[in-house]
Structures are given as structure tokens and as C-alpha cells.
Amino acid sequence: MNRSSLPFWIGVSVFLLAAALMTQLISNEYPFFAIYGILQFVVLAVAWSILGGYAGYVNFGTSAFFGVGVYTAVFLSKALGAPLAAQIAAAAIVGAFLGFAVGLITLRMQGIFFSIATIALTIIIETTVTNWRFVGGAAGVQLQRPPVLPLFNSYVAMLFFVQAMLVVVAIAVARYIQISWIGRGLQALKDDELAAECTGVPTLRLKVMACVISGALMCAAGAPAAMYLQYADPSSAFNLNYSVSVLAMSLIGGTSHWSGPVIGAVLLGTTQQLLTVTISSEVNVLVLGVMLVLFVVAAPEGIIGLIRRARGARAGGEA
Amino acid sequence: MTPAGPEAPLLRIGALTKKFGGFVALDNISVEIPLGQRFGLIGPNGSGKTTLIHCISGAFRTEPGTVVFAGEDITPLAPHMRTRRGIARSFQIPRPFKSMTVAENLKVALDFATVAGDFTSVAERSDSVMSILTRMGLASKANVSTTKLSQVELRKMELARALATRPKLLISDEAMAGLSSSEVDEVLDLLLSLAGQDITIIMIEHIMQAVMRFSQRVMCLDAGKIIAIGAPDEVMANPRVQEAYLGT
């Protein structure tokens, strides 16, 4: 491990320790219930930005991957009574395969055509699940939570900790990609795909790889959601709101650094939660839209871009 | 196919045709370029020069036609595979990775185009980047964003990035367009010094004195066909070339 990685891993350990402590010290279930939703958005936004941010391929199919994660868990728990860890692992594998298939089919398309194809994907998968009787069809399915592990006070507290671990996995992966040769290749193809090819970058392979990793993480993030709500139905599991929120979080946070989508997801996720509790769940969609417009106009590189600009100005002032 | 002997050409283009719908951009082009040659490619605008370069570098698929490089048929290969085999190019309109610094642009080439194991340490990589930049006169710009470069610096950066892929064949697509005469000489001297280091160079150019000074052999395209090929003086003296250029 090199020196620059040390603060990152210390930060990650502190975060996990704090999450573990919370599950032991707080008995009220609501904080876990609320923060779980935010953590879920952090994983989704970080995963989204691997393809959408580093490679610049805007994916509107977040809800497809999320929903497939939910339904992989539903299927495994109904068919086999599989434990949560198996549900998440299986969802990640299914997500990787789905990412691979989607990548191969759609990543030859560039720009907006890729984005349109990902919307089509969501609709196709949602329609399929809606017509699949075993997992409840359009009416959805009720799920019974298994007994919680003795370490935790409640199932929701356990799910909260599991999602916190997924956050760590997602940002560790995103950070590795960003600082490694993969990140440099993705950044090159985002800037100019032909120039990247002519400089030796295997653009299609890198894009498919990003799609596989991003898909696996998104599906894994969706898997615990079935047990979180104890209920799943196609129209909420594949809700386009996930795609739009995650895209907004990543863009508002900034996609050039792994911490951008984390900041965006925490900020917007918290705002949404507050608005939902205090005003109404409809207002938060409005706020999301207004914030997205503001950022696209005033700070196209997101909060990360603003921070960098402020640092640059300060460094320039000192010089 | 015969294996590459010492006399075999580095690049052999066989009966290459490229159509865009009904428009024939390249019509049955066959040419061989020997190892180490300084090859000038001229022709009026729209004659197919850049299309030919796209076919050699792999950006366009050829239909029909073959591209054989160092004895290997590379016709079905994607551009990045061709780059790894030793074909590098610059672009008519510079295409830098604009979110990166000059040094980072070159590191992309080191990361992806060179054989694994060429560079063992991070320090070796930076040394390699810096030595190329020094040769190109860009050392002071290493950590500058490519968006802040002047036109001539962008041209040099593209050549430096191409060079970082360790090419056997370097294709320079109008690297001197829009430069002042002193800058043209600067870039020309760079290309001549590279040619002295066993890199075969194809130079596309409109500036005739540069073509004449640089090339050992010149090919002139017009409307997708070869109208003259040979020694620079002969090609310039060819009435069809004069007609294509001057329209008389």
C-alpha cells in the first residue's frame, strides 16, 4: 500500500467503525431506515460514475440494474431461502453478466444513442418481471425477513451495516479505477475516442469492463432493498426515479473524482429525506430538478469542480 | 503470405478501395513503403489523403483491400491493435486528451501502447515521458493542461504522444498547417530527426517546400486515385500533378 492510500483506508475504517457503533448504541430503528436510503444512493451514484463519469457514457439504466438486484434477491429468497450474503453475491454476479451483455450490445453506440438504449433496457426488463408470476408479477410480492443475526438489535440495523460495507466496496473499487491505468484509459476515451484508439487504448474493452463493474455494484446495492421494504413490485423496483436521482447526484457532486458522487448522494439523499419527512415526497423531485439545472448552468463540473477551482484560485493567489 | 525479409516493405497497401455510399473516396490504391523511407503524400483537398491514413491506422474499414504491416496482414485489426504493432499518427485537427496535462497525454501511450515490462518503475516512465518532451521542445509544458497550448505546441504534443507509442511508422497528417514559416521549419526539423532514428514517416502536407525538403519519395492523389508517384522533382514536374494543383 503506498503512502497516499493510507488516509483513505483510515477514513474507511473510521466510517465502518462508526457505523458498527451506531448499530450497538442506537435502539430507535428510524435513523437506520433513513440513512440506509442515503447509503444505497451513495453506492448507486459511485457505481454510475464509473461508466457515466470516468468514461462519459451516460447510463439511464440505473433502475434496470437496481431492479434486477432486487429481483435476484426476491427470487433466491423465495426459491431457496438463501441468506442475505448469498443474495447480494448472486446479485453482483447477475449484474456483472447483465453489464457485460448490455455493454457488448450498446457500447458500440456513441453518445446519446447509448443513453437511449439504456432506457429501452429498463423498459424491457421491467416488462419481463411484470409478467413473471413466480416473483409476484405486477402485484408485487411480500417477503418475510429471516431472524436477525445475534450481533444486531434489529434487521434494519443489520441492513444498514451491510449497505455501509457495500459503500466501502464501491468507493474502493471506484478509487482504484480512478488512479490506475484503467482510469487513465477511460479518461482518454471520454476526451476523444478515436485519438484514444490511435494511442493504443482498447476503447470497447475498457467500456465493457466499466459497464460490468458498474452493473455488478448497482445490482449488489439493490439486493438488500427487498428485505429492507419486505416487499417488492416492478414499478417501484424499476422506477425511473432511481436513474434520474443517481444521475443528478453524480453530476452535482462531480464525476472527475470518486468522492464527487459520494458528496452528491449524501447531499441530495439527505435533502430528499428531510423534504419527504417535512413537506412531501413530491417536492423532493422538484428540488432535485431545480438543483440539477442550477449545477449544469453554474457549475458543470459539480461540487468537485468548485472545490478544485477554489483551490486553484488560492494557489494562484499565493504564487 | 511470404515472411518479412530484409527487403520486404514495412507497409504494403493492396488494391484498397473505400466508398462512402456511392462516393468512391479511394479507388484501387496499391503502394509499398520500404522501411526507413520518408514518404510525402500530397494532393488537393478532398483527394483522399486523410481517408487513406484512416484506412492505414484502422479508423476506417477497407472494402476491399489489404493493409500489410511488417509482413502481417493487419486489415481486420482495430486501431489500438495497429498502434501496438507500431503504427502511430497525428491528426489534421489536433485531438489532445483535453482534460489532461501534456505529460498525462503521453502516459496514456505508455500505459496502453507499449509492451508490458518495457517500464518497470514509475520513475522510468516519467523519465521516458520527459525525454520525449525534451526532444520535442515541450519539457517546460509537461504539467500544463493541453487546453493552454498554442497551435504549434499542440502539433508537437501530438507528435510526442505518437512517439511515446514507440512507432515503427509515424503518420503526420498536416502537422504544419496554419503554422508560421519558422514554426514549419521547427516541426520539419523534428520530423527529419525522427526519420534519422529508424522511424518510417508518411507526411501529408500542403506546404510544398516542406514536402520537397522532407520527402525521398512522393505520391500524389487526386479524386481517390494515384496520379503520380516517384522522386519529388519528377512528381512536381508531372503535368497531371500541376493540373490537379493549379487547375490549369
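Protein sequences appear in the order of chains B and R. Using numbering that gives the first Met the number 0, the first residue of the first sequence is number 0, and each one after it goes up by one. Using numbering that gives the first Met the number 0, the first residue of the second sequence is number 0, and each one after it goes up by one. In this text, a Cβ means the ideal position worked out from N, Cα and C, and glycines have one as well.
Cβ neighbour criterion (16 or more within 10 Å) applied to residue i
| i | result |
| --- | --- |
| A318/B | The pLDDT assigned to A318/B is 40, lower than 50, so where the model puts this residue is not dependable; a value taken from the coordinates is nonetheless given after this. So A318/B counts as exposed. |
| N130/B | exposed |
| N283/B | buried |
| S279/R | Only positions 0 to 247 of chain R appear in this structure, which leaves residue 279/R out of reach. |
| T1/R | The pLDDT assigned to T1/R is 45, lower than 50, so where the model puts this residue is not dependable, and the model offers no usable value. |
| L245/R | exposed |
| Q271/B | buried |
| K17/R | buried |
| T127/B | exposed |
| G229/R | exposed |
| V121/R | exposed |
| L246/B | buried |
| W8/B | exposed |
| Q86/B | buried |
| D232/R | exposed |
DSSP three-state assignment for residue i, whether helix, strand or coil
| i | result |
| --- | --- |
| C266/R | Because residue 266/R is not part of the residues shown, which for chain R are 0 to 247, the question remains open. |
| I200/R | strand |
| A7/R | coil |
| I73/R | coil |
| V143/R | coil |
| Y227/B | helix |
| T49/R | helix |
| F19/R | strand |
| V107/R | helix |
| T1/R | Per-residue confidence for T1/R stands at a pLDDT of 45, beneath the threshold of 50, marking its modelled position as unreliable; the derived number appears in the next sentence. Coil. |
| A46/B | helix |
| L150/R | A small fix is needed here, since residue 150/R is Gln in this sequence, not Leu. Correct three-state label for Q150/R: helix. |
| A14/R | strand |
| Q143/B | coil |
| F151/B | coil |
| F68/R | strand |
| G51/B | helix |
| H256/B | coil |
| T275/B | helix |
| I302/B | helix |
| P82/B | coil |
| T164/R | coil |
Interface residues of chain R facing residue i [CB-CB closer than 8 Å]
| i | result |
| --- | --- |
| A194/B | F90, R94, P95, F96 |
| D190/B | P95, F96, K97, S98, M99 |
Nearest-angstrom Cβ-Cβ length linking residue i and residue j, presumed shorter than 8 Å
| i | j | result |
| --- | --- | --- |
| N214/B | L103/B | Here residue 214/B is Gly; the residue named in the question, Asn, does not match the sequence. No, G214/B and L103/B are not in contact; Cβ-Cβ is about 12 Å, not under 8 Å. |
| I86/R | P166/R | 6 Å |
| I251/B | L273/B | Contact doesn't hold; Cβ gap of about 16 Å is too wide. |
| Y29/B | Q177/B | Their Cβ separation, rounded to whole angstroms, is 35 Å, which puts Y29/B and Q177/B out of contact at 8 Å. |
| E192/B | H79/R | Incorrect: roughly 11 Å between the Cβ atoms, too far for contact. |
| A90/B | C218/B | 4 Å |
| L189/R | L158/R | 7 Å |
| V240/R | A227/R | 5 Å |
| T74/R | T61/R | 6 Å |
| R160/R | T198/B | 6 Å |
| L142/B | V73/B | 7 Å |
| L158/B | Y35/B | 6 Å |
| I124/B | G51/B | Rounded, the Cβ-Cβ distance is 19 Å, inconsistent with contact. |
| V107/R | A187/B | 5 Å |
Chain-ordered chain B contacts of residue i [CB-CB under 7 Å]
| i | result |
| --- | --- |
| L83/R | What sits at residue 83/R in the sequence shown is Arg, not Leu. Under the 7 Å cutoff, chain B gives G199. |
| P78/R | E196, C197 |
| T164/R | T198, G199 |
Beta strand (DSSP E) segment containing residue i, residue limits
| i | result |
| --- | --- |
| R94/R | That residue, R94/R, is in no beta strand (DSSP E); it is neither H nor E in DSSP. |
| F38/R | 37-41 |
| N27/R | 22-32 |
| L168/R | 168-172 |
| R88/R | 86-88 |
| I225/R | 224-229 |
Delimiting residues of the alpha helix (DSSP H) encompassing residue i
| i | result |
| --- | --- |
| F59/R | Counting along the chain, F59/R falls outside any alpha helix (DSSP H), and DSSP gives it neither H nor E. |
| G10/B | 5-24 |
| G288/B | 282-297 |
| N240/B | 239-252 |
| C197/B | Per DSSP, C197/B belongs to no alpha helix (DSSP H) and is neither H nor E. |
| R124/R | 121-134 |
| S179/B | Where S179/B is concerned, there is no enclosing alpha helix (DSSP H), given that its DSSP letter is neither H nor E. |
Closer than 7 Å at the beta carbon, the chain R residues around residue i
| i | result |
| --- | --- |
| A187/B | F96, V107 |
| W180/B | D110 |
Contacts of residue i in chain B (Cβ-Cβ under 8 Å)
| i | result |
| --- | --- |
| R160/R | T198 |
| S56/R | C197 |
Closer than 9 Å at the beta carbon, the chain R residues around residue i
| i | result |
| --- | --- |
| G184/B | V107, D110, F111 |
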